[in-house]
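Undergrad: Protein chains in written order, with the numbering used here: chain A, 7 to 332; chain B, 43 to 183; chain C, 569 to 1229.
Where is the CB? At the ideal position from N, CA and C, for every residue including glycine.
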Amino acid sequence: MAEKPKVAFYWCASCGGCEEAVVDLADGILEVVGAVDIVFWPVALDFKVPDVEALPDGGLAASFINGAIRLSEQEEMARLLRRKSKYVIAFGSCSHMGGVPGLANLWDKKSIFDWYYHKAPSVEDGGGREPRESVEVPEGRLELPAFWDTVKTLDQVIPVDYYLPGCPPTPKLVANAVGALLRGELPPKGAVLASPRALCHECPLNDTKPEKLLLKDLKRIHLTTVDPTKCLLAQGILCLGPATRGGCEALCIQANMPCTGCFGPTDEVRDQGGKAISYLSSILDFDEASEIERALEAIPDPVGTFYRYSLPRAYLRRTREVKRHA
Amino acid sequence: MMPTEPVEPKIVAFVCNWCTYIAADTAGVARARYSPNVRLVRTMCSGRVDPQFVLAAFERGADGVLVCGCHPRDCHYTSGNYKTLRRFLLLKKMLAQLAIEEDRLRLEWISASEAEKFRKVVEDMTDRVRRLGPLRANGGD
Amino acid sequence: MNGEEPRIGVYVCDCGFNIAGVVNVPELVDYAMALGGVAVVREYKYMCSSPGQEIIQKDIRELGLNRIVVASCSPHLHEATFRRAAEGAEINPFLVHMVNIREHVAWVTKDRREATEKAKALLAAGVARVARHTPLERREAPVRSELLIIGGGIAGIQAALTAADAGRRVYLVEREPSIGGHMAMFDKTFPTLDCAACILTPKMTAVKNHPNITLLSYSEVVSVDGYVGNFKVKVRRKPRYVDETKCVGCYECIEQCVYKTPKFPSEFELGLGKRKPIYIPFPQAIPLVAVIDPETCIEFKTGRCKKTCVEACGDRDAIDFGQTEQVIELDVGAILVATGFQVFDAARMTNYGYRRFPGVFNALEVERLAASNGPTRGEIVLRDGRTPTAVAIVHCVGSRDVNYNPYCSKVCCMYSLKLAHLVKERTRAEIYNFYIDMRTPGKGYEEFYQRLLEENLHLIRGKVAQITDIPDSAQEEGKLIVVAEDTLLGIVRRVPVDMVILSVALEPRADKEEVRRMLNISCGSEGFFLEKHPKLAPMATMSDGIFIAGACQGPKDIPETVAQAEAAAAEAIALTSKGFITLEPNLAYIEEALCSGCQICIPLCPYNAIELDREPMVARISDVLCKGCGVCVAACPSGAIRQRLFEDEQIMDELAGVLTR
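1. Spatial neighbours of Y169/A within its chain, please: CB distance less than 6 Å, with the 5 preceding and 5 following residues excluded, ordered by chain position.
2. Give a yes or no on whether the minimum CB-CB distance between G181/B and chain A is below 9 Å.
3. Who are the Cβ neighbours of T85/B in its own chain at under 8 Å, not counting the five residues just before and after it?
4. With 16 other CB atoms within 10 Å as the buried threshold, where does M136/B fall?
5. Taking its Cβ as the centre, do 16 or more other Cβ atoms sit within 10 Å of I1038/C, making it buried, or is it exposed?
6. The ligand PLP and P318/A: does the residue's C-beta get closer than 8 Å to at least one heavy atom of that ligand?
7. Quick one: any contact between the segment 738–747 of chain C and the segment 715–728 of chain C, if contact means 3 or more CB pairs under 8 Å?
8. What ranges does the beta strand (DSSP E) occupy inside the segment 97–154 of chain A, keeping only unbroken runs of at least 3 residues that lie completely in it?
9. Quick one: is Y122/A buried, meaning 16 or more other Cβ sit within 10 Å of its Cβ, or exposed?
10. Under DSSP, the beta strand (DSSP E) around E1053/C begins and ends at which residues?
11. Per DSSP, which residues does C58/B bridge with? Please list them.
12. One question on the structure: do R146/B and D105/B come within less than 9 Å of each other, judged by their Cβ atoms?
13. Give me, in chain order, the residues of the same chain whose beta-carbon lies closer than 7 Å to that of A72/B; leave out the 5 immediate sequence neighbours on both sides.
14. Could you list the residues in the segment 1162–1179 of chain C with a C-beta less than 8 Å from some C-beta on chain A, going in chain order?
15. Measure the C-alpha to C-alpha separation of C21/A and D30/A and round it to an integer number of angstroms.
16. Using only the alpha-carbon positions, how far apart do Y983/C and G966/C sit?
17. C206/A CB to nearest chain C CB: under 9 Å?
18. Quick one, which residues of the segment 159–176 of chain B are near chain C if we go by CB-CB under 7 Å, in chain order?
19. How would you label A332/A, buried or exposed, when you count the other beta carbons within 10 angstroms and need 16 or more for buried?
20. Does the CB of E101/B have a neighbour CB from chain A at under 9 Å?
21. My parser needs the beta strand (DSSP E) runs of 3 or more residues fully inside the segment 895–950 of chain C; what are they?
22. The alpha helix (DSSP H) that contains C258/A, what's its start and end?
23. Drop a sphere of 10 angstroms on the beta-carbon of K1100/C, count the other beta-carbons inside from all chains shown, and report buried for 16 or more, exposed for fewer.
24. Could you check whether the Cβ of P51/B sits closer than 9 Å to any Cβ belonging to chain A?
25. Please confirm whether A332/A has its beta-carbon closer than 9 Å to some beta-carbon of chain C.
26. So that I know if they touch, is there some Cβ in chain A lying closer than 9 Å to that of M43/B?
27. Hey, does T235/A have any beta-carbon neighbour from chain B nearer than 9 Å?
28. From D273/A to K688/C, what distance separates their C-alpha atoms?
29. Let me know the secondary structure DSSP gives A332/A once reduced to three states.
30. Is it the case that the Cβ atoms of I866/C and P845/C are separated by a distance below 9 Å?
31. The alpha helix (DSSP H) spanning A710/C covers which residue range?
32. Measure from the C-beta of D1216/C to each C-beta in chain B and report whether the shortest distance is under 9 Å.
33. Would you call the segment 77–96 of chain A in contact with the segment 105–122 of chain A, where contact means no fewer than 3 C-beta pairs closer than 8 Å?
34. What does the alpha-carbon distance come out to for the pair E1217/C and A699/C?
35. Output the boundary residues of the alpha helix (DSSP H) element that contains E59/A.
36. Are the segment 74–84 of chain B and the segment 1047–1059 of chain C in contact at 8 Å, needing three or more beta carbon pairs?
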C-alpha cells in the first residue's frame, strides 16, 4: 500500500492563529487528513520530539513551520525539522517575515524581562525572579531555552523552500498549497505561494480611485468613518494594499478595515516598510516641510504601521538602542 | 591604531545629476579640499532615491547618508525634489524609532553653482558623523 | 543580462598629472584586476584622446569585452566620448560607465592614501554597477525646424539673422516696443569708435525685412512646455493700441497729440528726455510703429480725449484703442535666450550720491547724452544745461566689490576710456578716471588705451570712497568733490568736478529667476544663466534645446556677443537640422505583469506621462513624455516600475561597492 506523505506542523514564536488556520479549512481538513499522515503537531496531536528525531533525514514530505524564531529551542526545532523534511514551508507572517512578534526588535532581552518580570503594573511582587536558562530545583536541574535579543525569520536560521504568507494565511491559500504539494506541482523554490501582484489588483474598491490619488490628510482608522464604497486609501485611511502582496481576496477591506500588510511585499521589494514609506509620503500633497510634518502626525508609530509584520526581514531589523518603554 | 582615535565614518551621498553632482564637479574644478569620507552615488533626480536605498546603505555599513537635490522650485524635473522631501521626513521619523541619530540622515538642497556649500556640507556631515561613531546597524548581527 | 558573463575592461586615466599626481594609479590598477568580472585593466595618460579611445576599441575587439569602465573625469565631460568609442567598436554605448576620480577625488583630496582608497571604493562601485548594465537603444523623436529667440538686442538680432539666412523660420520676441537692446542706446562703440547706430540699424532693418523672421515686438514669453525638438511656447503680445500692419511710422499722431510738448519721462532716454503718451521710442526703432502708454494717455484715463492722433492718422486708421492683449502659441524646435543685462543700480552705493546729486550720472545715461539722437542732441551737459569743465569717471561701481558683485564686468574700463575720450572731445573738460586696474584685453583694446594716454586724461589709481558736495575750501564751492586714495602717490585726494560718471556693473536682469524657471535652466552663482560647460558647451544649457548667448550668460562686449550669437544659432540649427533628435534612454518603464493598478504613480509624474489603462487596469508610461526622473520608480509600492540605466540592482550594487572601503 502506498504510504501517505508525512507532514509536520510546528509553532515557534506565534499566537496560535496559524494553527487555527489549518483548522479553518473546515471540511477541507478531512481531505487533508485523509491525504497525508500528520506525524507531528504539538497543538493537536501527542507526538513528541524524539518521534521526529527517529525519522530518517528527508523522511518528512513537508514541514509547515509557523512563528518567528527568538528562543534557542525554536531554532533547534527548526533545524531538526529542516533535516528531516524534503520541503520546509514557512507558514504565516511570523515565520515568513517575523510577524508581529518581530516588533519586539524595538527592545532587547533585558528590557523585555525587566518589564514583564519586574516593572509592569500587573506584576505582583515576585521577589525579583525571572526565568533563567539553567536552575537547580529540588527535583534536579531545569533548563529553559535561551531568549535572544533579536527576533528572526525562519529563513534567517534554516533554508526555506516556500512561503505561505498571511496573518494567518487564508484557508484558500492553505488548501491550494497543500494540494499543489500533493500533486507535485510546486513552483520554483523560494516562491511565495500567493499572488505576484499587490493587493489593489484584486481589491473591489480599486476602480473607485479618483483620477489623481493625492491626499491632503491622513486619517487613523479609529478616528474616522469609513465609506465602504470608496477606496480606503483615497479617503486618507492608511491602507497598505499597494505595498502588500495580494492573494487574500482583500478580506480585510471587505470588512471595512484597511490592509495592514500581512502578506508582505511583492517579490520585487525586499523592505516592505521602505516602499510603504515611499508611496504613502509621495502622495501627500504638500511641498512645505511644516505641512508635511503636520500630516504625518497621523502616523505616530511608523515602525508599527509600516513594519507591523516585516521588521526582522527589513534592512534595519532592530533598534540600535532600546528606548524607554512607553 | 590607538583606541582613542575615532574611526573614519563612511558616508554615502545620493546626488542628483543636474544640481549637486555639478556642484561637486565645480568644487573639484575650484580644487576645494574636503574629507574623502563621502562617496557619491548619482541618480538623475533626487526623486529617484527610494527609501530602500537609504536603509540598505545603513545596513551595508554606511555611518551616514546624505541625500541631495535641487532647491525647491528648481528641480530639473519640476517637482521631483518635493517627493524627496516628503519621503525624507517620514523616513526620518521612522529611523528615530530605531535609535538612529538625527545627524546620520541628512537632506540638503545644493544647486549647481553652490560648490562651496557642497564642500561645507560634506565637511560638516563628516564631522558630525565621526563624532557619533560607527553606526553598526542591527547591532552588528 | 543576455545570459553572458560580464567581461569588464577597466581603463584608468592619469589625466596627465591631474589624477596620477594624487591617486596611486598602479595600486588602483592592481586593485581593479582583482574585482569580479574584470578581464583587463589599463592605465593611460589621456584616455579621452584618440589613442586612448583606440586602446579601448582594440581591447573590445580582441578580448571580447562586453562592459567598459573608464575611471577618469566627470561623465559630464566625456561620457558621450566614451560611449561613441564603444559604438565604434560595435558594442552598445550604454554598456559603458564612467567613474569620477578627478573632480571628486584627485582634485579635492589632499592625502594620497585617502585619495587612493576613495578611488578604489568608487571604482569597485562602478565595476559592480556596470556588470548590471544591459544594452539600451536611444529613442528618436521628430524635431521641428522653427526657432525661438528671446530678446531683440544685438545678440538676438544676430542670431536671428544667422538662423534665418540658413533657411529657418525664426520667431524673435522682444519685450520693448523696439528691438536694438542696449546697443541702440550707445553713441560710439570701442575700440574703433564706430557709431553704434550705424552698425546696428542695418541689422535691425535686415531683421524687419527678412522673410524668415517673424518679429514679435512688445511681447513676452509667458510659458514654455514640451521638450527639445517640440517646445510649445506661449507669447503674450502686449497691446500697442496701434495696428502694426497699418502704421507706417509717419509720426503724425505723435505731432498732433493733445500734449503739445512731451511731458512724461522717456524709458529709452532713461528719464533724461521726455515723450508723449503716444510715442516711438527712438527714430530708428524697428518696428517703426507708435505705441500708446495707457498710464499717461488721456483717452485711457478719462475716456474724453479729442483723439487728435486718430484724426492725424487719417484713413490709414492705425490707432485702435480697443486693442487687447493676445496670447499666441508657437511650436518650435529650439530656443535661444538672448535677454541681455541690466546695469547696476548705483543708488545702492549711497556714498556716491547717485540720484541725490544732479551732477552724478551712470554711464548708460551719459551714452544717451552723447548720442546724436539723444535728449541733448549729443551735447554733454549737466541737467541744468551747463557744460562741465571737470568730469570724474568712477570705475568698478558695483563690480569687483564684495558688497555688491564680486566679478569684473569686463567692459567698463573700455567704455570708461571711451566716455573719457567722447566727453573730452565734446566739452574740453578735465577728465579724471578713478580706476583699480585698467583692463583692456581685447583686439585693439590696448592700442585704444595707448591712444587715450596721449589725450591728457588724469588717470588716478584708487577706489573712490565718497562723492560729496560739502566743500573743504573755496575752490570746492559749487562742485562735486571726489574723494579717493591715489594709491600710486600714497595720498588721499579731493578732486572737485562738475560731473561724475559712474561706470556701473553689468548685472543679470531682475527677472532672471522667473525666466530661468520658465525655461528650466540654471543660474550661476553670479546670477547669469549657466552654460552647460564653460569650454565644451558654452552656448548650451542643461536643458536640451535651450541655448544662451550674449550678456545674459555673463558680462561681455559687442564682438563677443555677436560671436556667441552666431555660435548659439549654429548650435540651434545643428540640433534641429536632421528632422529628428535622439533622446537618452534612461526612461521609466512598467512591468505590466507586476502592475497592480494601484495608481500611486499617476499623480506623481511632473510630465503627466503615466496613464491608467482600465482594461486591464494597469498603468502605462508614455516614452515620448517620460523624461527619466525616476520619481515614479521610487514610489511604486510593488516595484513594478523600473528605470533603464538606473535600475534598483544597478544602484544597490553601486552602493555596496562604495561601502567596500
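TA: Inspection of the coordinates gives the following:
1. A96, H102, V198
2. yes
3. F56, V57, C58, N59, V91
4. buried
5. exposed
6. The ligand content of the structure shown is nil, which means the ligand PLP is not present either.
7. yes
8. 140–143, 146–149
9. exposed
10. 1048–1054
11. T85/B
12. yes
13. A157
14. L1162, C1163, S1164, G1165, C1166, Q1167, I1168, I1170, P1171, L1172
15. 15 Å
16. 15 Å
17. yes
18. none
19. In this prediction, A332/A scores a pLDDT of 46, lower than 50, which makes its location untrustworthy; the coordinate-derived value is nonetheless stated afterwards. Exposed, by the Cβ-count rule.
20. yes
21. 902–905, 928–930
22. 257–260
23. buried
24. no
25. Low confidence applies here, because A332/A scores a pLDDT of 46, under 50, leaving its location unreliable and the question unanswered by this model.
26. Because the pLDDT at M43/B is just 42, under 50, the model does not fix this residue reliably, and the value given afterwards should be weighed accordingly. Judged by the 9 Å Cβ criterion, M43/B is not in contact with chain A.
27. no
28. 33 Å
29. Low confidence applies to A332/A: its pLDDT is 46, below 50, so where it sits in the model is not reliable enough to give any reading.
30. yes
31. Residue 710/C is actually Pro in this sequence, not Ala. Counting along the chain, P710/C falls outside any alpha helix (DSSP H), though it belongs to the beta strand (DSSP E) covering 707–710.
32. yes
33. no
34. 10 Å
35. 55–59
36. no
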